Amino acid sequence: MDVAFVLVAVLAAFYFILLRPVINQQKKQRQDISSLEIGDEVLTTGGFYAIVVEINTYEDRPMEILLEVAPDVVLRGTTLSIAEISRRADEIDDEYDDTDDDDSDEDDGGGDVSPAGESDDEDRSSSARAG
Numbered sequence: 004m005d006v007a008f009v010l011v012a013v014l015a016a017f018y019f020i021l022l023r024p025v026i027n028q029q030k031k032q033r034q035d036i037s038s039l040e041i042g043d044e045v046l047t048t049g050g051f052y053a054i055v056v057e058i059n060t061y062e063d064r065p066m067e068i069l070l071e072v073a074p075d076v077v078l079r080g081t082t083l084s085i086a087e088i089s090r091r092a093d094e095i096d097d098e099y100d101d102t103d104d105d106d107s108d109e110d111d112g113g114g115d116v117s118p119a120g121e122s123d124d125e126d127r128s129s130s131a132r133a134g
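In my numbering, the protein residues as written are 4 to 134.
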């Protein structure tokens, strides 16, 4: 009788300490994935933050998602690649705005940069040494 009681106690402890938290975590992740919406920011299992841009559901294979990791950079994967939903679509401000802000004519105070990555100041100093 004592051995049976100890065995039951060990199994119960094993369940409550090890298995139950894992089961609850899996249940929460399934609920999060089922409520996934376009525009949600997610953390992938690979460690990338991305925005959900498309969700495709199929009968014969897992749900497919398209994730935008940078402007115009879209990755295709399954919901198994999502570790967690970091922010919901309604919480995200205009972080990934489609307007092109690179066309500003403001001077940032730095020297002009040539296509090779060298500034005009460096070109002048090297030609002064050569001449």
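Note that the Cβ used here is the ideal one computed from N, Cα and C, for glycine as well.
Predicted model only: the values in this text are computed from it and were never measured.
Which stretch, first to last residue, makes up the alpha helix (DSSP H) that contains residue i?
i: Ile68; result: Careful: Ile68 lies outside any alpha helix (DSSP H), inside the beta strand (DSSP E) at 67–73.
i: Leu10; result: 5–17
Where do the N-terminal and C-terminal ends of the beta strand (DSSP E) with residue i fall, by residue?
i: Arg39; result: Looking at the sequence shown, residue 39 is not Arg but Leu. Per DSSP, Leu39 belongs to no beta strand (DSSP E) and is neither H nor E.
i: Ser89; result: 85–90
i: Leu78; result: 76–81
i: Tyr52; result: 52–59
Between residue i and residue j, which are expected to be in contact by the criterion C-beta below 8 Å, what is the C-beta distance as a whole number of angstroms?
i: Glu71; j: Val56; result: 5 Å
i: Glu62; j: Arg79; result: Their Cβ separation, rounded to whole angstroms, is 19 Å, which puts Glu62 and Arg79 out of contact at 8 Å.
i: Leu69; j: Val77; result: 5 Å
Are the Cβ atoms of residue i and residue j separated by less than 9 Å?
i: Asp5; j: Ile88; result: no
i: Pro65; j: Thr82; result: yes
i: Ile58; j: Leu39; result: yes
i: Gly42; j: Ile54; result: yes
Have a look at the DSSP bridge pairing and note the partners of residue i.
i: Asn27; result: None, per the DSSP bridge assignment.
i: Thr47; result: Ile85
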